[in-house]
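Numbering-wise (our numbering), the sequence shown opens with residue 10 and increments by one.
Note sheet for the following structure.
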Amino acid sequence: MKYRDFGTWIRQQFPYRVQKISIDAGFTCPNRDGSISSGGCTFCNNQTFSPAFCNKRKSITQQLKDGKAFFAHKYPDMKYLAYFQSFTNTYANIEQLKRMYEEALAVDDVVGIVIGTRPDCISTPLLDYLEILNRHTFVIVEYGIESANNRTLQRINRGHTFECSREAIQKTHERGLLTGGHIILGLPGEDAQESLRQAPLISALPLDILKIHQLQVIKGTALAHEYAKQPFHLYTVDEYIDLIIRYVSLLRDDLILERFVSQSPADLLIAPKWGLKNYEFTNLLNQRMKNIPD
10 MKYRDFGTWI
20 RQQFPYRVQK
30 ISIDAGFTCP
40 NRDGSISSGG
50 CTFCNNQTFS
60 PAFCNKRKSI
70 TQQLKDGKAF
80 FAHKYPDMKY
90 LAYFQSFTNT
100 YANIEQLKRM
110 YEEALAVDDV
120 VGIVIGTRPD
130 CISTPLLDYL
140 EILNRHTFVI
150 VEYGIESANN
160 RTLQRINRGH
170 TFECSREAIQ
180 KTHERGLLTG
190 GHIILGLPGE
200 DAQESLRQAP
210 LISALPLDIL
220 KIHQLQVIKG
230 TALAHEYAKQ
240 PFHLYTVDEY
250 IDLIIRYVSL
260 LRDDLILERF
270 VSQSPADLLI
280 APKWGLKNYE
290 FTNLLNQRMK
300 NIPD
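Okay, structure coming up:
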């Protein structure tokens, strides 16, 4: 059993190695600032995926320079993608967004941008701009979908529907922009069968790239309080590998799969504690997949 992996694909896009550098540009989200809700998604704690050099108190330029210094010892000839990762990175007026993106692209050795956002925070003027920008540099727009089940989205305080995700992804794809999506398996109320029901719905979206993560319960989140009050099932490693194999079998062959797991800092993670790094999990998964015929 095989799949298109992001590492192989991204190496085919450039004549040199590229590495994402995460940026915290000081954004918030409409389900945090009271526009549609407050408190944010029940699972969210941005500390879980923000490296030390990703610090909103620093300028975008400085964060990128610090990120370059962090990675440069591995590959001196590395180039970089500025990854606007923390919170909703299209949640500002168009002129402010242009200044931020173009500041990042002006940094030496930055050859493209990846913009993480929500499907309810994209606009026609922004898509117009990104379509033009995409003619000159490498651009990925990455949407948090999280689930195709509207009841789940409401339960986790996501603040948008699956139909909203479908519409935003379609509009982005129509502009010729590389379009990514992010989903979480194991959200409260969703068992393996529900995830497998959703797989064809996700696969039918005009996505180029998909990230899949296991649900993690993180300290300081609403989900942590929910879990403490009434624990719900979280996948073991073997259960999750079984689910991923079945899930991937329901996805179209041309979909690029960027990752299957997220690894939160040990001091923030409540459960599940697998004790595996991302690459270790992927190695286990690939070993299992080798024994499955295409």
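Using N, Cα and C, we set each Cβ at its ideal position, and we do this for glycine too.
Check: Can you tell me whether Glu151 is buried or exposed? The criterion is at least 16 other CB atoms within 10 Å of its CB, across all chains shown.; Outcome: buried
Check: Return yes when at least one heavy atom of the ligand COA lies under 8 Å from the C-beta of Lys286, else no.; Outcome: With respect to small molecules bound, the structure shown includes none, and the ligand COA cannot be examined in it.
Check: Taking the alpha helix (DSSP H) that His182 belongs to, which residues open and close that run?; Outcome: Phe171 to Glu183
Check: In the DSSP assignment, what residue or residues form a beta bridge with Tyr92?; Outcome: Ser31 and Val123
Check: Under a three-way DSSP split, which group does Thr188 fall into?; Outcome: strand
Check: Check whether the Cβ atoms of His182 and Pro215 lie closer than 9 Å to each other.; Outcome: yes
Check: In this structure, does DSSP put Val270 in helix, strand or coil?; Outcome: coil
Check: By Cβ distance, which residues of its chain are closer than 6 Å to Met298, with the 5 residues on each side in sequence left out?; Outcome: Met10
Check: Given His222, which residues of its chain have a CB within under 8 Å of its CB, disregarding the five upstream and five downstream residues?; Outcome: His191, Ile192, Ile193, Leu194, Arg268, Phe269, Val270 and Ser271
Check: Which same chain residues, not among the five before or five after Tyr138, have their C-beta less than 7 Å away from its C-beta?; Outcome: Ile103 and Lys107
Check: Taking Phe147 as the reference, which of Leu187, Ser132 and Cys130 has the closest Cα?; Outcome: Leu187
Check: Secondary structure at Ala213, three-state DSSP: helix, strand or coil?; Outcome: coil
Check: Should Gly76 go down as buried or exposed, given a rule of 16 or more other Cβ atoms within 10 Å for buried?; Outcome: buried
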